[in-house]
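Residue numbers (our numbering): 6 to 194.
Remarks on the structure that follows.
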Amino acid sequence: FTPRSVVKLLVAMMEPREGRVFDPACGSGGMFVQSDIFAKHSGNLAFSGQESVDTTLRLCKMNLLLHGLNGDIQLGNSLLDDKFANLRADFVIANPPFNMDGWGADRIAPNDKRLQIGNRKCLPTDSNANYFWMMHFLYHLKEGGTAGYVMANGAMTTNLKEEKETRAALVDEGFVDCIVQLPDKLFFG
């Protein structure tokens with residue numbers, strides 16, 4: 006669950022007015038609803054999302070229905086079973102599970118296109134999925150698209166070799182525009 010104030014801030018920073026909004030960790034769909042509110046219910050946004058928990062997927066679909074929205078929401082693990090492999094979105098917005106340990110990095114093929122950040126090939130770590138989530142978001146962006154996501158504060162300072170190299174690639178290749186550090190203990194869990 007992402008606090009509403011965080012969702013509102015993230016959406017306001019991204020300014021989604023038209024195009025496709027993709028959330029590969031869509032939970033109950035709050036990012037979609039807030040994006041529609043930001044766009045003043047214009048009908049100019051399309052929504053696609055993936056959720057790994059069946060009950061939560063149903064909540065998302067119900068939430069969209071209650072707000073008069075349609076979306077292509079699929080069940081599955083976004084990192085290991087990407088249901089939207091060919092999708093390139095105008096906006097990627099997400100609050101993925103933080104610090105997923107043992108998530109299956111060894112199942113990512115060496116030629117997986119998500120490993121490419123600009124001119125650099127980066128490697129995921131199985132001790133933490135945070136940076137592979139970031140690679141996944143970047144992969145799903147259209148040229149000129151914008152990604153906004155919530156990530157654990159520790160992702161900014163990790164010293165794991167692969168994560169440090171991925172962070173450097175994101176910055177050096179010009180994919181980072183802004184980082185907003187939120188205070189600790191902001192999430193209810």
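Yeah, the Cβ is synthetic: ideal placement off N, Cα and C, and Gly gets one too.
Inter-residue Cα distance where the pair is residue i and residue j
| i | j | result |
| --- | --- | --- |
| residue 84 | residue 47 | 31 Å |
| residue 36 | residue 119 | 23 Å |
| residue 138 | residue 70 | 27 Å |
| residue 39 | residue 32 | 13 Å |
| residue 140 | residue 15 | 19 Å |
| residue 52 | residue 98 | 11 Å |
| residue 8 | residue 26 | 19 Å |
| residue 17 | residue 44 | 10 Å |
| residue 144 | residue 184 | 19 Å |
| residue 123 | residue 174 | 8 Å |
Element boundaries [alpha helix (DSSP H), containing residue i]
| i | result |
| --- | --- |
| residue 35 | 35-43 |
| residue 25 | Note, residue 25: premise wrong, no alpha helix (DSSP H); beta strand (DSSP E) at 24-28. |
| residue 71 | 59-71 |
| residue 170 | 166-177 |
| residue 14 | 9-19 |
Run of the beta strand (DSSP E) containing residue i, from where it starts to where it stops
| i | result |
| --- | --- |
| residue 151 | 146-154 |
| residue 85 | Premise fails: residue 85 is in no beta strand (DSSP E) and is neither H nor E. |
| residue 77 | 76-80 |
| residue 56 | 50-56 |
| residue 95 | 94-99 |
Residue i classed as buried or exposed, judged by whether at least 16 other C-beta atoms fall within 10 angstroms
| i | result |
| --- | --- |
| residue 112 | exposed |
| residue 142 | buried |
| residue 115 | exposed |
| residue 30 | buried |
| residue 86 | exposed |
| residue 60 | exposed |
| residue 28 | buried |
| residue 34 | buried |
Any non-hydrogen atom of the ligand MN closer than 7 Å to residue i Cβ
| i | result |
| --- | --- |
| residue 127 | Here there are no bound small molecules, and the ligand MN is not part of this structure. |
Own chain partners of residue i with C-beta closer than 7 Å, once the 5 adjacent residues on each side are dropped
| i | result |
| --- | --- |
| residue 134 | 84, 105, 108 |
| residue 19 | 96, 98, 151, 153 |
| residue 41 | 50, 72, 74 |
| residue 181 | 175 |
Chain-order list of residues whose beta-carbon lies under 6 Å from that of residue i (same chain, five-residue window excluded)
| i | result |
| --- | --- |
| residue 57 | 82 |
| residue 160 | 135 |
| residue 126 | 120 |
Chain-order list of residues whose beta-carbon lies under 8 Å from that of residue i (same chain, five-residue window excluded)
| i | result |
| --- | --- |
| residue 49 | 22, 23, 24 |
| residue 11 | 100, 155, 187, 191 |
For this session: Indicate whether the contact test is met: 3 or more Cβ pairs, each with one atom in the stretch 106-123 and one in the stretch 152-166, closer than 8 Å.
Result: Taking a contact to require three or more Cβ pairs closer than 8 Å, the stretch 106-123 and the stretch 152-166 do not qualify as touching.
Exercise. For the stretch 60-67 against the stretch 90-106, are there 3 or more C-beta pairs whose distance is under 8 Å?
Worked result: Counting C-beta pairs closer than 8 Å gives fewer than three between the stretch 60-67 and the stretch 90-106, which falls short of the contact rule.
Exercise. On the three-pair Cβ rule with 8 Å, is the stretch 71-81 touching the stretch 121-138?
Worked result: These segments do not touch.
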